[in-house]
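Start counting the sequence shown at 8; every next residue gets the next number (the numbering used here).
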Amino acid sequence: MHSEVLIIGAGPTGSTAAGCLADRHDVMIIEEHDTPGLPIQCAGLITPRAMPEFARGSLINKIRGAKIHSPLGFTLTLDARDTKALVVDRARFDECLFHNSVDLGAEPLTGAKVRAVKAVDGHVRVEARVENNIQEFEGTVLIGCDGYRSIARSAAGIRGPKHMLSGFQVDLIGVEHDPDFVNLYIGNKVAPGFFAWSIPAGDLVRVGLCVWKSDDPPSVYLKKLLSRPEFRGGKKISSSAGKIPVGTAKTAICGNILLAGDAACHAKPLSGGGVFTGIRGAQLASGCASRYLTTMQEDELWKYDRMWKDDFGRELASAFRIRKVFVSLSDKKMDRALRIFDDPEMLSLIRDRGDIDYPSSLSPYVLKLAPKLAHFSPQLIESLLK
8 MHSEVLIIGA GPTGSTAAGC LADRHDVMII EEHDTPGLPI QCAGLITPRA
58 MPEFARGSLI NKIRGAKIHS PLGFTLTLDA RDTKALVVDR ARFDECLFHN
108 SVDLGAEPLT GAKVRAVKAV DGHVRVEARV ENNIQEFEGT VLIGCDGYRS
158 IARSAAGIRG PKHMLSGFQV DLIGVEHDPD FVNLYIGNKV APGFFAWSIP
208 AGDLVRVGLC VWKSDDPPSV YLKKLLSRPE FRGGKKISSS AGKIPVGTAK
258 TAICGNILLA GDAACHAKPL SGGGVFTGIR GAQLASGCAS RYLTTMQEDE
308 LWKYDRMWKD DFGRELASAF RIRKVFVSLS DKKMDRALRI FDDPEMLSLI
358 RDRGDIDYPS SLSPYVLKLA PKLAHFSPQL IESLLK
């Protein structure tokens, strides 16, 4: 069976790519699970840019700020006074994007576990297990949106992430929480190599964390976090686990194979978020694939690398440099850093100019207002300036 475009993975990234291509090309979207969006492996916090109008039925809550808790007890409150992030029912969000791509003409194949991907004579061949049978599918172009364990990435010979974060999350009911704010908890004894969070999601609160290079699994740290006073008395109704790949490779393309989302290691190194970059990468990759199919000029595919790097690649690189500084900090230095930002002029700057998807736009203003950062961490200054 031949399609112009094969897409592996029906998460937001794959469904977006399929939706962008389906009205002009023959597209098949291959999903491992019977129901796209399940199992849930995400906190469900996205930026407004990542919310298409047709998926607004998945919206649970709007977030206007964050409260960041240092390991030494200090709390920095960031209040944007308007919506900066959206909390979604992630399963329903994924389902909306998937059904939209099918409505636009993509051919869905669910319950199909891809076993192998191989480039053959200018095409890409995919071998998948479907209902205990091995089937082969062929496409002129393949867009790999198959997550952090991407088979497409392995087939393309592109290296994996620089850092792999391990996460664990629970949904609690019976917990009081300010619906306008997420809470973030930092500290080497709280969530080494990353941070913990609590996110108000309607009648429940999502509490989770990620760790990196830890001797203990994230569930051990989460158990400690849940002993905090604000979570006592809460009843766990569900849990989920997942991985976040951070630190991009130099390329997201090899021949007729393009990668997007977690398959391309495009998650944000500081927040772990990957929905916006996945959707944006899918839009860029699908545009390049379409132009290639129209012209059969290989350079149209290779333009994808330049496009994602120009669009959000520099943000990811800058954030990864800052992340390397962050993971080297002691708890005392984390506390000092938060206190530097607790300044009326600085908080006003973050409120007026802060952009979760493109945070580096703040860098020159932050350095001007907070010269103490130069003494605090020269490496951090270097990261902000690059």
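C-beta atoms are modelled at their ideal positions from N, C-alpha and C, and glycine is treated no differently. Keep in mind it's a predicted model, so treat the numbers as computed, not measured.
| query | result |
| --- | --- |
| Close Cβ partners of residue 307 (< 7 Å) along its chain, the five nearest in sequence each way excluded | 295, 298 and 299 |
| Enclosing beta strand (DSSP E) for residue 35 [first to last residue] | 34-37 |
| Cutoff 8 Å; reference residue 356; Cβ partners in own chain excluding five residues on either side | 369, 372, 373 and 376 |
| Proximity of residue 157 and residue 250 at Cβ, strictly below 8 Å | no |
| Any non-hydrogen atom of the ligand COA within 7 Å of residue 280 CB | Because no ligand of any kind appears in the structure shown, any question about the ligand COA cannot be addressed here. |
| For residue 151: DSSP bridge partner residues | 15 and 266 |
| Residue 205 beta carbon less than 8 Å from that of residue 197 | no |
| Whole-angstrom distance between residue 146 and residue 303, CA atom to CA atom | 14 Å |
| Nearest candidate by alpha-carbon position, reference residue 79, set 193, 245, 68 and 291 | 193 |
| Beta strand (DSSP E) segment containing residue 255, residue limits | Run containing residue 255: none; DSSP gives neither H nor E here. |
| Residue span of the alpha helix (DSSP H) that contains residue 290, given as start and end | 282-302 |
| Beta-carbon proximity check, residue 233 vs residue 225, cutoff 8 Å | no |
| Residue 81 and residue 342 closer than 8 Å at C-beta | yes |
| Where the beta strand (DSSP E) containing residue 192 begins and where it ends | 188-192 |
| Per-residue DSSP class, three states only, for residue 195 | coil |
| Integer Cβ distance of residue 57 from residue 282, believed to fall under 8 Å | 5 Å |
| Alpha-carbon to alpha-carbon, residue 8 and residue 73 | 50 Å |
| Spatial neighbours of residue 325 in its chain, beta-carbon cut-off 6 Å, leaving aside the 5 residues before and after | 367 |
| Check whether residue 152 and residue 267 have beta carbons under 8 Å apart | yes |
| Helix, strand or coil at residue 165 [DSSP, three-state] | coil |
| Residue 219: first and last residue of the uninterrupted beta strand (DSSP E) it sits in | Neither: residue 219 is in no beta strand (DSSP E) and is coded neither H nor E. |
| Nearest to residue 27 (by Cα), restricted to the options 38, 14 and 39 | 14 |
| Bridge partners - residue 248, DSSP secondary structure assignment | 175 |
| Pick from 35, 48 and 121 that is closest to residue 109, judged by C-alpha positions | 35 |
| Beta-carbon contacts of residue 164 that lie in its chain and below 7 Å, excluding the five residues immediately before and after | 261 |
| 8 Å Cβ shell around residue 191 - same chain, five flanking residues per side excluded | 73, 74, 75, 76, 202, 203 and 204 |
| Outcome for residue 45 when other beta-carbon atoms lying within 10 angstroms are tallied against a minimum of 16 | exposed |
| The region 90-98 / the region 114-129 touching (three or more Cβ pairs under 8 Å) | no |
| Bridge partners - residue 40, DSSP secondary structure assignment | BP columns for residue 40 are empty, so no partner. |
| Where residue 329 falls, given that 16 or more other Cβ within 10 Å makes a residue buried | buried |
| Limits of the unbroken alpha helix (DSSP H) element including residue 83 | Residue 83 -> not in any alpha helix (DSSP H); beta strand (DSSP E) instead, spanning 82-86. |
| Sufficient close CB pairs (3 or more, under 8 Å) joining the region 135-146 to the region 228-245 | no |
| Cβ separation of residue 67 and residue 285, assumed to be a contact under 8 Å, to the nearest whole Å | So it is not a contact: roughly 20 Å between Cβ atoms. |
| C-beta atoms of residue 256 and residue 166 nearer than 8 Å | yes |
| Selection from 277, 60 and 111 that minimises the alpha carbon distance to residue 100 | 60 |
| CB contact flag (residue 33, residue 10, <8 Å) | yes |
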